[in-house]
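So the protein lines, in turn, are chains S and P.
Residue 208 is where the first sequence starts when you use the numbering used here, and the numbers rise one by one after that.
Residue 69 is where the second sequence starts when you use the numbering used here, and the numbers rise one by one after that.
Beta carbons: idealized from backbone N, C-alpha and C, even for Gly.
These figures come from a predicted structure and were not determined experimentally.
Here is the structure we will look at, set down as structure tokens.
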Amino acid sequence: MESTATPSSSPTRRGRDIPASPVWWQRLLGENGIQKWVFFIPIVFFVLFFAAPVVLTIVFSFFERTQFWMEPGFTLFAYENFFTSARAENYVFSMLHSAAAVVVSFVLGFPIAVFVRRRVAKAAQHRVILLFILPFMISELVRVFAMRPVLGRNGVVNNFLIDIGIINEPITIILFSPLGVIIGDVMSFLPFMIFAGFLALEAVQNYIFEVCDDLGAGPARLFGDIIVPLAAPGIFAGSVFIFVNSMGVALVPTLLGGPGAVNAGLIANQAIVALDFPLAMAISTIMILTLVLLLYVGHRLFDLTKVLEPIS
Amino acid sequence: MNQLQWTRRAFMYTTSGIAAAAAMGRIPGASAQDAKALKIWANPGVHRVGARDWSAMAGQAGVEIAATAKSARADESIQKMVVGDGNKLFDAVTDNGGGMEDALASQGAIVPLDTSQIPNWKNILPVYNEGGLAAHTIRFEGKVYSTPMISNADSMAYDFKALGFHPDSWGVMFDSQFKGRVALQNDFGPTLTNMAIYLKESGKIDIENPSDMKPDEVKAVCQFLIEWKKKGQFRTFWDGFQNGANLLISGEVLMSSCWEPIQLVADRETGDEADIRYGTMKEGHQTWNNMIMLTKGGRERGMDALYYKLANVYLSPWFGSRTLAGLGFAPQMTGVDEYLKANAADFPEGTEARVLDILTRKNARFGVKGNSWQNVFPTNIRAYQDWWARLQAA
Numbered sequence: 208m209e210s211t212a213t214p215s216s217s218p219t220r221r222g223r224d225i226p227a228s229p230v231w232w233q234r235l236l237g238e239n240g241i242q243k244w245v246f247f248i249p250i251v252f253f254v255l256f257f258a259a260p261v262v263l264t265i266v267f268s269f270f271e272r273t274q275f276w277m278e279p280g281f282t283l284f285a286y287e288n289f290f291t292s293a294r295a296e297n298y299v300f301s302m303l304h305s306a307a308a309v310v311v312s313f314v315l316g317f318p319i320a321v322f323v324r325r326r327v328a329k330a331a332q333h334r335v336i337l338l339f340i341l342p343f344m345i346s347e348l349v350r351v352f353a354m355r356p357v358l359g360r361n362g363v364v365n366n367f368l369i370d371i372g373i374i375n376e377p378i379t380i381i382l383f384s385p386l387g388v389i390i391g392d393v394m395s396f397l398p399f400m401i402f403a404g405f406l407a408l409e410a411v412q413n414y415i416f417e418v419c420d421d422l423g424a425g426p427a428r429l430f431g432d433i434i435v436p437l438a439a440p441g442i443f444a445g446s447v448f449i450f451v452n453s454m455g456v457a458l459v460p461t462l463l464g465g466p467g468a469v470n471a472g473l474i475a476n477q478a479i480v481a482l483d484f485p486l487a488m489a490i491s492t493i494m495i496l497t498l499v500l501l502l503y504v505g506h507r508l509f510d511l512t513k514v515l516e517p518i519s
Numbered sequence: 069m070n071q072l073q074w075t076r077r078a079f080m081y082t083t084s085g086i087a088a089a090a091a092m093g094r095i096p097g098a099s100a101q102d103a104k105a106l107k108i109w110a111n112p113g114v115h116r117v118g119a120r121d122w123s124a125m126a127g128q129a130g131v132e133i134a135a136t137a138k139s140a141r142a143d144e145s146i147q148k149m150v151v152g153d154g155n156k157l158f159d160a161v162t163d164n165g166g167g168m169e170d171a172l173a174s175q176g177a178i179v180p181l182d183t184s185q186i187p188n189w190k191n192i193l194p195v196y197n198e199g200g201l202a203a204h205t206i207r208f209e210g211k212v213y214s215t216p217m218i219s220n221a222d223s224m225a226y227d228f229k230a231l232g233f234h235p236d237s238w239g240v241m242f243d244s245q246f247k248g249r250v251a252l253q254n255d256f257g258p259t260l261t262n263m264a265i266y267l268k269e270s271g272k273i274d275i276e277n278p279s280d281m282k283p284d285e286v287k288a289v290c291q292f293l294i295e296w297k298k299k300g301q302f303r304t305f306w307d308g309f310q311n312g313a314n315l316l317i318s319g320e321v322l323m324s325s326c327w328e329p330i331q332l333v334a335d336r337e338t339g340d341e342a343d344i345r346y347g348t349m350k351e352g353h354q355t356w357n358n359m360i361m362l363t364k365g366g367r368e369r370g371m372d373a374l375y376y377k378l379a380n381v382y383l384s385p386w387f388g389s390r391t392l393a394g395l396g397f398a399p400q401m402t403g404v405d406e407y408l409k410a411n412a413a414d415f416p417e418g419t420e421a422r423v424l425d426i427l428t429r430k431n432a433r434f435g436v437k438g439n440s441w442q443n444v445f446p447t448n449i450r451a452y453q454d455w456w457a458r459l460q461a462a
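So, in structure tokens, the structure goes:
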């Protein structure tokens, strides 16, 4: 029987060194240790913090409401209550206001993205885009609340318009109204359109613009026939961010909306305050379904997997 | 692994975990100091006076207080105390009377009190005595479960300088000359109750109990509000203290149903530009209180004596005069006016006259016959919710 190793020399096989057996920490960090499992961390994270809450939300929406909580059961009462009360109407209004915020954000934000992509020096583009993050450094509560002295009856806009003689009486429709909510949503979420639009345009090669210029395409044609179609997946992604936030962030209608203004998030919140947990869960489920439907339609139209793919 | 190894390892894990958690934040009961402290879950902005922290309250009570901040949301209280770990964490908890004591007592989250352990109980306002108007707001099935701390009769704040008169009826909110200059609180509880009081007392709608309306009555009140909303009478419905105050400070509205502290802040902030007052409405007001309760967990940990000491402070003129002077809330005990006169030097100059004026007007509001006490959980709460949604959608 051959000896496999001697204490005084390294083990060899056919004249080459055989590495020593890995110590415990090498095994732990090796391919069969943590490395083997590390890729499961995102899955665990996804299941714990996304899939499980979503599933629970859907399950709870079918529970029975008790006086202070809910108990297991299967009832469609929360959904019936949602669709047969004014909540469904409020929900639709919320969708319409959110859609309007998306359109306005596109009109204001996308040209900024195009400008930065086409007119700002390549080296400075990312820095300029990063400037649009600055508003997010301020609490959203402060940002939204700060709109009130601007849009209010005695606010900056009204005082300016009165001072230059355009109006005699303050315009009240720009605050505490659906328009006020749309303005607030646009001011809050406009950067999403700029970021997403810019990222989508980054994938468009420069020579495409150069060819268009060489062929004499005017700015309108370039924008409508080339830029928008090529950036469509990015525009859609930005639109989804804005739409979802406008639907869900309760702060804007609370601070800038008219009497009883709500969005979908606020409807769910009010159900929770009234201890109607199944109803709050049902509203949240409907919001999730709305978003899934929206993403499905977007994917069918624009193939969202290509958002950041270079376009040649 | 033998038993000794397991025990050592488990000990190390456990103690290091506790040490880390205690170093990072606070686990009630994690230190010897906390073990002696009364752990309370309370709204710091409303339920303490005398200092920017709980030291003055603790000093008066002779009790160490470990406080955790709490909002006024009923869902938060119920979730924590009935479904969650509130009883493990807190010895005492504050909340709205007229509903929350019933909810928490019926679920076994709080325990009945021995009021003989609270010396100042003898000074409690007569409305809390057996048979009094507010007796039910601190009792469940005939037993006292809570100590009232503050109360008020919510009314309407208005800019006297702009109006030129003192409104004495909720009806002024529905005067078309003030179209678009009126705000209401964005909460179906106080708003529908106050409007029900107005509609009942002015003979416009038959309502049996404004605090606990039947579905038809809720519908009638909401339809009335919907009609005025469609006419553009309301500028907005406010949520949150700063939001409510800002509406009056900015001159956006001339009148708003709101909490009294909002009026005090708005009046102070506007200075000479406006004169924001708090009215007494002849039809009545929703009256409400906040109370402090001893949790079941607190009793199990033997914290009764500490709770009673703190409750005694809440029923002392020391607390009553300060909450009245600072936030305009009504003291829950008699003798505050005498205390203020005797201790005028403890307050900034002019406080005595100002506070006594607030107290006089407050007593006038509390004396209105049509007042109705807050009901956190009306019998037909679903009707309240559903009709409120319709008002929002209108």
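Contact belief for residue i with residue j at Cβ below 8 Å, rounded distance in angstroms
i        : j        : result
P/VAL195 : P/THR391 : Actually they do not touch by this definition, with Cβ atoms about 17 Å apart.
P/ALA171 : S/PHE270 : Not really, about 19 Å apart at Cβ, beyond 8 Å.
P/GLN253 : P/TRP306 : 6 Å
P/THR162 : P/ALA110 : 4 Å
P/MET361 : P/ILE178 : 4 Å
P/THR348 : P/VAL404 : The Cβ separation is near 19 Å, so there is no contact.
P/ASN220 : P/PHE397 : 6 Å
S/ASN297 : P/ALA334 : The pair is not a contact, with the Cβ atoms about 30 Å apart (cut-off 8 Å).
Beta-carbon contacts of residue i that lie in its chain and below 6 Å, excluding the five residues immediately before and after
i        : result
P/LYS211 : PRO180
P/ILE265 : PRO278, GLU351, GLY352, GLY438 and SER440
Burial state of residue i (16 or more Cβ within 10 Å)
i        : result
P/SER384 : buried
P/SER99  : Here P/SER99 scores only 44 on pLDDT, less than 50, and its place in the model should not be relied on; the value that follows carries that caveat. Exposed.
P/THR133 : This sequence places Ile at residue 133 of chain P; Thr is not what is there. So P/ILE133 ends up on the buried side.
P/ASN155 : buried
P/GLN453 : buried
P/ARG303 : buried
P/ALA313 : buried
P/GLN101 : Caution applies to P/GLN101, whose pLDDT of 47 falls short of 50 and renders its modelled position unreliable; the value that the coordinates give is listed next. The residue is exposed, with fewer than 16 neighbouring Cβ atoms inside 10 Å.
P/ILE449 : buried
P/PRO329 : buried
P/ARG433 : buried
S/PHE256 : exposed
S/TYR503 : exposed
Proximity below 8 Å, CB of residue i to CB of residue j
i        : j        : result
P/ILE317 : P/GLU285 : no
S/LEU486 : S/ASN288 : yes
S/VAL364 : S/SER312 : no
S/PRO460 : S/ASN452 : no
P/MET263 : P/PRO446 : no
S/LEU520 : S/LEU303 : Outside the displayed range of chain S (208 to 519) lies residue 520 of chain S, so it cannot be described from this structure.
P/TRP327 : P/PHE242 : no
P/MET217 : P/ASN358 : yes
P/ASP159 : P/ILE108 : yes
S/GLY472 : S/MET454 : yes
P/TYR382 : P/THR215 : yes
Top-ranked residue by Cα proximity to residue i, from the options
i        : options                                   : result
S/GLY359 : S/ILE250, S/SER384, S/ARG325 and S/GLY441 : S/SER384
P/ALA462 : S/GLY472, S/ALA478, S/GLY467 and S/ILE495 : S/GLY467
S/ALA489 : S/TRP231, S/SER395, S/VAL266 and S/PHE246 : S/VAL266
P/LYS229 : P/GLU341, P/GLU417 and P/SER389           : P/GLU341
P/SER389 : P/ASN380, P/GLU406, P/GLY370 and P/ARG141 : P/GLU406
P/GLY152 : P/ASN164, P/GLY130 and P/GLN175           : P/GLN175
P/VAL444 : P/ALA124, P/ALA142, P/VAL131 and P/ALA119 : P/ALA142
S/PHE443 : S/LEU462, S/VAL456, S/GLY404 and S/ALA410 : S/GLY404
S/PHE448 : S/GLU417, S/ILE374 and S/SER305           : S/SER305
S/GLN477 : P/PHE256, P/HIS204 and P/MET371           : P/PHE256
Cβ-based neighbour list, residue i, same chain, cut-off 7 Å, excluding 5 preceding and 5 following
i        : result
S/GLY464 : PHE383, GLY387 and VAL388
S/ALA307 : ILE389
P/TYR62  : This structure gives no information on residue 62 of chain P, because the portion of chain P shown stretches from 69 to 462.
P/THR183 : TRP189 and VAL212
P/THR259 : LEU252, GLN253 and SER325
Same chain, Cβ closer than 8 Å to residue i, neighbours up to 5 away in sequence not counted
i        : result
S/ALA331 : none
S/ARG350 : PRO342, MET394 and SER395
S/GLY237 : PRO229
P/GLY232 : none
Contacts that residue i makes with chain C (C-beta to C-beta distance below 7 Å)
i        : result
P/LEU459 : Checking the listed chains, one finds no chain C in this structure; the protein chains it contains are S and P.
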